[in-house]
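Participant: Structure below; questions to follow.
Residue numbers (our numbering), protein chains in the order written: chain U, 1389 to 1500; chain D, 69 to 179.
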């Protein structure tokens, strides 16, 4: 158990819809990262928050947005969903980057 | 742009054999991390190396950070079917806020 909790574990939705993925980081970790992993693909960095503020942005589509709340949990919002958005979405947290990141179990999103 | 090249991309060997996975870059990293990922699950941090030349051992797995902190290797001795998985390396720089990821090595150990 990494200590990072992601909900829901599975999500099936239709094209054009909007979904929210939730992440609770490890106790004490201020940084939260979001990643997308499509089938048999590597991890694509989406965005990072540190103590409530956006710190780094990767290849995140404009249809996607995220935020980190005062209690440090984070949400990733995906809107106007397309079939190609079907993927595993991972949240990770860390105390400091050099020490490594701890990943949640992921949310498997299927857009039909 | 910092890049990490991981090789080989795919490796299928018999139980009991030894193997080495490499992670190379032209950039210097303040730490190099190795993760293992099973299908449908999140990557799990195996080790972090931070000092040039550092060697860390985790049972049959040996991790080494290059002297110049630009490359790393993972060596598995007497591989077992339980070692099967996707192995990922990731580098942390001094000034950026995200990890730089290798593409991964898909390892299959046949009984």
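For every residue, glycine included, the Cβ atom is placed at its ideal position computed from N, Cα and C.
Nothing here was measured: the structure is a model prediction, and the numbers come from that model.
Using alpha carbons as the reference points, say which of U:1477, U:1469, U:1484, U:1463 lies closest to residue 1401 of chain U.
Facilitator: Counted from its first residue, the first chain places residue 1401 of chain U at position 13. Measuring from the Cα of residue 1401 of chain U, the nearest candidate turns out to be U:1469.
Participant: Relative to the C-alpha of residue 1406 of chain U, which residue among U:1473, U:1483, U:1390, U:1486 is closest?
Facilitator: Looking up residue 1406 of chain U in the first chain gives position 18. The residue with the shortest Cα to Cα distance from residue 1406 of chain U is U:1473.
Participant: Between which two residues does the beta strand (DSSP E) harbouring residue 1397 of chain U extend?
Facilitator: Numbered from its first residue, the first chain carries residue 1397 of chain U at position 9. It is not in any beta strand (DSSP E) - residue 1397 of chain U carries neither H nor E in the DSSP assignment.
Participant: Taking all protein chains shown into account, do 16 or more other C-beta atoms lie within 10 angstroms of the C-beta of residue 69 of chain D, making it buried, or fewer, making it exposed?
Facilitator: The residue you call residue 69 of chain D lines up with position 1 of the second chain. Flag for residue 69 of chain D reads exposed.
Participant: Using 10 angstroms around the beta-carbon of residue 78 of chain D, count the other beta-carbons present and answer buried if the total reaches 16, otherwise exposed.
Facilitator: For the purposes of this step, residue 78 of chain D is taken as the residue at position 10 of the second chain. Residue 78 of chain D is exposed by the Cβ-count criterion.
Participant: Where DSSP assigns a beta bridge to residue 178 of chain D, which residues make up the other side?
Facilitator: Residue numbering aside, residue 178 of chain D sits at position 110 when the second chain is read from its first letter. According to DSSP, which records beta bridges pairwise, residue 178 of chain D is partnered with D:82.
Participant: Do the stretch 1453-1460 of chain U and the stretch 1426-1445 of chain U meet, that is, are 3 or more Cβ pairs less than 8 Å apart?
Facilitator: Result yes; three or more Cβ-Cβ pairs closer than 8 Å.
Participant: For residue 1493 of chain U, go through chain D and note every residue whose CB falls closer than 7 Å to its CB, in chain order.
Facilitator: On the first chain, residue 1493 of chain U is found 105 positions in, with the first residue counted as 1. Simply 109, 110.
Participant: For residue 1424 of chain U, would you say it is in contact with chain D, using Cβ-to-Cβ distances shorter than 8 Å as the test?
Facilitator: Position 36 of the first chain holds residue 1424 of chain U. False, the Cβ-Cβ gap to chain D never drops below 8 Å.
Participant: Who are the neighbours of residue 116 of chain D on chain U, taking C-beta pairs under 9 Å?
Facilitator: Walking along the second chain from the start, residue 116 of chain D turns up at place 48. Those are 1486, 1487, 1488, listed as they occur along chain U.
Participant: Below 8 Å on C-beta distance, what does residue 1431 of chain U contact in chain D?
Facilitator: Mapped onto the first chain, residue 1431 of chain U falls at position 43. Result: 111, 156, 169.
Participant: Quick one: Cα of residue 122 of chain D to Cα of residue 87 of chain D, how far?
Facilitator: Position 54 of the second chain, counted from the start, is the residue given in the question as residue 122 of chain D. Position 19 of the second chain, counted from the start, is the residue given in the question as residue 87 of chain D. Each residue's alpha carbon lies about 19 Å from the other.
Participant: Quick one: is residue 153 of chain D near chain U, going by C-beta distance under 8 Å?
Facilitator: For the purposes of this step, residue 153 of chain D is identified with residue 85 of the second chain, where counting begins at 1. No, its Cβ sits nowhere closer than 8 Å to a Cβ of chain U.
Participant: Just verifying my parser: in three-state terms, what is the DSSP assignment at residue 159 of chain D?
Facilitator: Residue numbering aside, residue 159 of chain D sits at position 91 when the second chain is read from its first letter. Reduced to three states, the DSSP call for residue 159 of chain D is strand.
Participant: Specify the secondary structure class of residue 1429 of chain U as computed by DSSP and reduced to three states.
Facilitator: In the first chain, counting from the first residue as 1, residue 1429 of chain U sits at position 41. Coil, per DSSP.
Participant: If you measure from the beta carbon of residue 172 of chain D to each beta carbon in chain U, is any gap under 8 Å?
Facilitator: Along the second chain, one-based indexing puts residue 172 of chain D at 104. Yes, residue 172 of chain D lies at the interface with chain U (some Cβ there is under 8 Å from its Cβ).
Participant: Hey, does residue 1444 of chain U have any beta-carbon neighbour from chain D nearer than 8 Å?
Facilitator: By 1-based counting over the first chain, the position of residue 1444 of chain U is 56. It does; some Cβ of chain D falls within 8 Å.
Participant: Just the chain D side, please: which residues come within less than 8 Å of residue 1455 of chain U by C-beta, in chain order?
Facilitator: Numbered from its first residue, the first chain carries residue 1455 of chain U at position 67. By Cβ distance, chain D contributes nothing, its closest Cβ being about 17 Å from residue 1455 of chain U, past 8 Å.
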